[in-house]
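Participant: First to last, the protein sequences are chains D and B. Position in the first sequence counted from 1, then plus 377, gives you my numbering. Position in the second sequence counted from 1, then plus 377, gives you my numbering.
Number of protein chains: 2
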Amino acid sequence: MAAKEPVILVTNDDGITAPGLKALVDAMRGLGRIIVVAPDSPQSGMGHAITISNPLRLEKVEVFEGIEAYQCSGTPADCVKLAKDKLLKKPAHLCVSGINHGSNASINVIYSGTMSAAVEASIEGIPAIGFSLLDHHFDADFSAAAYYAKLISQQVLQYGLPDATLLNVNIPKLQLKAIKGTKVCRQARAKWEEDYDQRKDPRGREYYWMTGRFIVQDQGEDTDEWALMNGYVSIVPTQFDMTAHHAIPFLNNNWDLNAKTR
Amino acid sequence: MAAKEPVILVTNDDGITAPGLKALVDAMRGLGRIIVVAPDSPQSGMGHAITISNPLRLEKVEVFEGIEAYQCSGTPADCVKLAKDKLLKKPAHLCVSGINHGSNASINVIYSGTMSAAVEASIEGIPAIGFSLLDHHFDADFSAAAYYAKLISQQVLQYGLPDATLLNVNIPKLQLKAIKGTKVCRQARAKWEEDYDQRKDPRGREYYWMTGRFIVQDQGEDTDEWALMNGYVSIVPTQFDMTAHHAIPFLNNNWDLNAKTR
């Protein structure tokens, strides 16, 4: 029977020591054979970065009792690639990433290392889920998030996911009993309004620190931001086909690109 | 009249000294007021990384005759954010990124620093285009790519782009006269099949170098890979809404997520 156990790859972007990773590993216990490959240092905001020009380190570590775990010197996407090529004989049955300390809802999906690991797994044909809790604190309470991580992972193991589709799951900062349930949503339109704090270093040279505030530009009630504001766990089916299919006719009809003679 | 000149922000991921950037700057001459903000070192494979935990430097440089230019210590997305917040009084009318040394067609869009700069501009509401030439060499011939960069930029300045849509333009490694024209395409399904080269460092510790080969998994004749293989410039309208809208009914119909009592 053990041979039929699903293999579950667990990773994150906050690094191997993050409490959110431990919460996710513990949530996966009992669902299959768990293997953890996580960055050796925090990688937040890394987007879908991969390491091309530097060597990568992969080191076995004893962090989670009874579970095979490695730390990697690369990005979250590197962790998934290395796990696939060097550690797993067959593709994993599920890849879960997180639980991120902080939201990856709406436009944050673009900047998210947590989600880039899940996207990388999905490109490889592995059903994948990114989990994020709307609480940045190191000592955040992950119990409700862990509950939903297990529930949703069970569903994916049982029913699968459509081809080339992964899940972006965000959990509100609420007690489990205060959460109303889950909503399948679309990604809200939103952006970060940056404000760079301009300073001078001890030698008088200028430098900038990024600060910013998050602006939801979307009034829809079918979005992840709406769901989270209203006490639901948001589940956004996510794809790596970035084609704006609806824009193809616009470009074909309005443009005059083959007029080469200008 | 000068006040009505469009403002064109030029950036890239190969860095301020890359020949592809110079080719793009020269292609934009005459189309508007050009401002260049590019990384001070190569940022290939950075995906949509942003710099959160480190200070950023922004330094004025004299690189392109008669053109305002800055180098930035951050990623391509940082360059666009800093330009918007610190250098431009009003949003630019166009942001062009590239010309990248190497393809950003199909799944490469996910890993691409070139495209992340264009995506960042698009999030800000600025019409944006990433240009990439299918030639990795430092001394690649950018003349055909520059021709099409100008042509396509003129079209965007004239006709605009649909809301929340940018362009991913790739140019085949051909002489201008051998290029058959342009094709508006969708992103091909493809992936990188990694093979990590395992080595030992002088102290006997293992490390890995990423190598890999590119696999097109898509037989469609409406894709960017098909267009490029057949001598066309590929233009993929691209969006930052990563929702797999078609998967929402699947999840709503097949899942049993509100059965909390398990």
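Where a beta carbon is used, it is the ideal one built from N, C-alpha and C, also for glycine.
Does chain B have any CB closer than 9 Å to the CB of Glu679 of chain D?
Facilitator: Chain D is shown from 378 up to 639; residue 679 of chain D falls before or after that span and cannot be answered.
Participant: Pull up the distance between the alpha-carbon of Arg582 of chain B and that of Lys463 of chain D, whole angstroms please.
Facilitator: Translated into positions along the second sequence, residue 582 of chain B becomes position 205. Translated into positions along the first sequence, residue 463 of chain D becomes position 86. Whole-angstrom Cα-Cα distance: 16 Å.
Participant: CB-CB under 7 Å to Glu501 of chain B, same chain, minus the five flanking residues each way: which ones, in chain order?
Facilitator: Position 124 of the second sequence, counting from 1, holds the residue named residue 501 of chain B. Counting only Cβ-Cβ distances below 7 Å, and skipping sequence neighbours, we find Lys461, Pro468.
Participant: Buried or exposed for Ala607 of chain D, going by 16 or more other Cβ atoms inside 10 Å?
Facilitator: Here residue 607 of chain D refers to the residue found at position 230 of the first sequence. Note that residue 607 of chain D is Asn in the sequence shown here, rather than Ala. Label assigned to Asn607 of chain D: exposed.
Participant: Measure the C-alpha to C-alpha separation of Glu439 of chain B and Glu445 of chain B and round it to an integer number of angstroms.
Facilitator: Indexing the second sequence from 1 puts residue 439 of chain B at position 62. Indexing the second sequence from 1 puts residue 445 of chain B at position 68. When rounded, the distance between both Cα atoms is 8 Å.
Participant: Does the beta-carbon distance from Arg410 of chain B to Glu442 of chain B come in below 9 Å?
Facilitator: Working through the second sequence from its first residue, we reach residue 410 of chain B at position 33. Working through the second sequence from its first residue, we reach residue 442 of chain B at position 65. No, they are not a contact pair.
Participant: Is the segment 616-636 of chain B touching the segment 607-618 of chain D, taking contact as three or more C-beta pairs under 8 Å?
Facilitator: Enough Cβ pairs lie closer than 8 Å, so yes.
Participant: Where does Trp586 of chain D fall in DSSP's three states?
Facilitator: As a working note, residue 586 of chain D is residue 209 in the first sequence. In the structure shown, Trp586 of chain D sits in a strand (DSSP, three-state: E or B).
Participant: In this structure, does DSSP put Lys466 of chain B in helix, strand or coil?
Facilitator: In the second sequence, counting from the first residue as 1, residue 466 of chain B sits at position 89. Coil, per DSSP.
Participant: Output yes or no for whether 9 Å exceeds the beta carbon distance between Ala426 of chain D and Leu471 of chain D.
Facilitator: Taking the first sequence and counting its residues from 1, the one referred to as residue 426 of chain D is at position 49. Taking the first sequence and counting its residues from 1, the one referred to as residue 471 of chain D is at position 94. It is not a contact, given that the beta carbons lie outside the stated cut-off.
Participant: Quick one: does Val486 of chain B have its CB under 9 Å from some CB of chain D?
Facilitator: Working through the second sequence from its first residue, we reach residue 486 of chain B at position 109. Yes, Val486 of chain B lies at the interface with chain D (some Cβ there is under 9 Å from its Cβ).
Participant: So does the segment 595-614 of chain D actually touch the segment 426-435 of chain B, counting three or more Cβ pairs closer than 8 Å?
Facilitator: Result no; under three Cβ-Cβ pairs closer than 8 Å.
Participant: Buried or exposed: which applies to Lys577 of chain D, given that a residue is buried once 16 or more other Cβ atoms fall within 10 Å of its Cβ?
Facilitator: Taking the first sequence and counting its residues from 1, the one referred to as residue 577 of chain D is at position 200. By the 10 Å Cβ count, Lys577 of chain D comes out exposed.
Participant: Which one of D:Val413, D:Ala482, D:Met423 has the shortest CA to CA distance from Arg566 of chain D?
Facilitator: Taking the first sequence and counting its residues from 1, one reaches residue 566 of chain D at position 189. It is D:Ala482.
Participant: Express the C-alpha separation of Ser450 of chain B and Val387 of chain B in angstroms, rounding to a whole number.
Facilitator: Looking up residue 387 of chain B in the second sequence gives position 10. Looking up residue 450 of chain B in the second sequence gives position 73. When rounded, the distance between both Cα atoms is 16 Å.
Participant: Under 9 Å between C-beta atoms, does Ser493 of chain D make it to chain B?
Facilitator: Locating residue 493 of chain D in the first sequence gives position 116, where the first residue counts as 1. Chain B contact via Cβ: present.
Participant: So Glu570 of chain B packs on Gly589 of chain B, CB below 8 Å; how close in whole Å?
Facilitator: The residue given as residue 570 of chain B occupies position 193 in the second sequence. The residue given as residue 589 of chain B occupies position 212 in the second sequence. With a Cβ gap of about 6 Å, Glu570 of chain B and Gly589 of chain B count as contacting.
Participant: Lys557 of chain D by DSSP, collapsed to three states: which one?
Facilitator: Taking the first sequence and counting its residues from 1, one reaches residue 557 of chain D at position 180. The answer is coil: DSSP assigns Lys557 of chain D none of H, G, I, E or B.
Participant: For Met587 of chain D, which residues in the same chain have their Cβ closer than 7 Å to its Cβ, ignoring the five residues on either side in sequence?
Facilitator: Against the first sequence, residue 587 of chain D aligns to sequence position 210. Cβ neighbours of Met587 of chain D beyond the five flanking positions: Glu571, Tyr573.
Participant: With a cut-off of 9 Å, does the C-beta of Lys637 of chain D fall near any C-beta of chain B?
Facilitator: Within the first sequence, the letter at position 260 stands for residue 637 of chain D. With a pLDDT of 47 at Lys637 of chain D, under the threshold of 50, the modelled position of that residue is not reliable, and no figure is offered here.
Participant: Measure from the alpha carbon of Asp584 of chain B to the alpha carbon of each residue in B:Phe591, B:Gln575, B:Ile592, then state which is nearest.
Facilitator: What you label residue 584 of chain B is simply residue 207 of the second sequence in a count that begins at 1. Reading off the sequence, residue 584 of chain B comes out as Tyr, not Asp. Ranking the options by Cα distance to Tyr584 of chain B, first place goes to B:Gln575.
Participant: Along the chain, where does the beta strand (DSSP E) that runs through Thr615 of chain D open and close?
Facilitator: In the first sequence, counting from the first residue as 1, residue 615 of chain D sits at position 238. Per DSSP, Thr615 of chain D belongs to the beta strand (DSSP E) from 609-616.
Participant: Helix, strand or coil: how does DSSP classify Asp595 of chain B here?
Facilitator: The count along the second sequence starts at 1 and reaches residue 595 of chain B at position 218. Reduced to three states, the DSSP call for Asp595 of chain B is coil.
Participant: Less than 9 Å between the beta carbons of Gly422 of chain B and Gly490 of chain B, yes or no?
Facilitator: For the purposes of this step, residue 422 of chain B is taken as the residue at position 45 of the second sequence. For the purposes of this step, residue 490 of chain B is taken as the residue at position 113 of the second sequence. A contact, by the Cβ cut-off of 9 Å.
Participant: So if I threshold CB-CB distances at 7 Å, which residues from the segment 578-612 of chain B count as touching chain D?
Facilitator: Cβ contacts with chain D come from Tyr584, Tyr585, Trp586, Met587, Ile612.
Participant: From Gly537 of chain B to Ile529 of chain B, what distance separates their C-alpha atoms?
Facilitator: Locating residue 537 of chain B in the second sequence gives position 160, where the first residue counts as 1. Locating residue 529 of chain B in the second sequence gives position 152, where the first residue counts as 1. When rounded, the distance between both Cα atoms is 11 Å.
Participant: Can you look up Val413 of chain B in the DSSP assignment and give me helix, strand or coil?
Facilitator: Within the second sequence, numbered from 1, the residue matching residue 413 of chain B stands at position 36. Of the three classes helix, strand and coil, the one that applies to Val413 of chain B here is strand, per DSSP.
Participant: What are the boundary residues of the beta strand (DSSP E) that includes Trp569 of chain D?
Facilitator: Counting from 1 along the first sequence, the entry for residue 569 of chain D is found at position 192. From DSSP, the beta strand (DSSP E) with Trp569 of chain D extends over 567-577.
Participant: Between the segment 419-439 of chain D and chain B, which residues of the former have CB atoms less than 7 Å from a CB of the latter, in chain order?
Facilitator: If the cut-off is 7 Å between Cβ atoms, the segment 419-439 of chain D has Ser421, Gly422, Met423, Gly424, His425, Ala426, Ile427, Thr428, Ile429, Pro432, Leu433, Arg434, Leu435 near chain B.
Participant: At a CB-CB cut-off below 7 Å, which residues of chain B make contact with Asp618 of chain D?
Facilitator: Translated into the one-based positions of the first sequence, residue 618 of chain D becomes position 241. Per Cβ cutoff of 7 Å: Gln564.
Participant: Assign Asn547 of chain D to one of three DSSP states: helix, strand, or coil.
Facilitator: Along the first sequence, one-based indexing puts residue 547 of chain D at 170. If DSSP states are grouped into helix, strand and coil, Asn547 of chain D belongs with the strands.
Participant: Give me the residue from D:Leu459, D:Gly475, D:Lys458 with the minimum Cα distance to Gly392 of chain D.
Facilitator: Reading the first sequence from its first residue, position 15 is the one you call residue 392 of chain D. Among D:Leu459, D:Gly475, D:Lys458, the Cα nearest to that of Gly392 of chain D is on D:Gly475.
Participant: Measure from the alpha carbon of Ser430 of chain D to the alpha carbon of each residue in B:Gln420, B:Ser509, B:Val384, then state which is nearest.
Facilitator: Here residue 430 of chain D is taken as the residue at index 53 of the first sequence, counted from 1. Here the closest residue by C-alpha is B:Gln420.
Participant: DSSP beta-bridge partners for Thr542 of chain B?
Facilitator: On the second sequence, position 165 is the one that residue 542 of chain B refers to. Thr542 of chain B is bridged to B:Gln616.
Participant: Against chain D, which members of the segment 459-483 of chain B pass a CB distance test of less than 8 Å?
Facilitator: Cβ contacts with chain D: Leu459, Lys461, Asp462, Lys463.
Participant: Determine, for Ile625 of chain D, whether the minimum Cβ-Cβ distance to residues of chain B falls below 9 Å.
Facilitator: Mapped onto the first sequence, residue 625 of chain D falls at position 248. Yes, contact with chain B.
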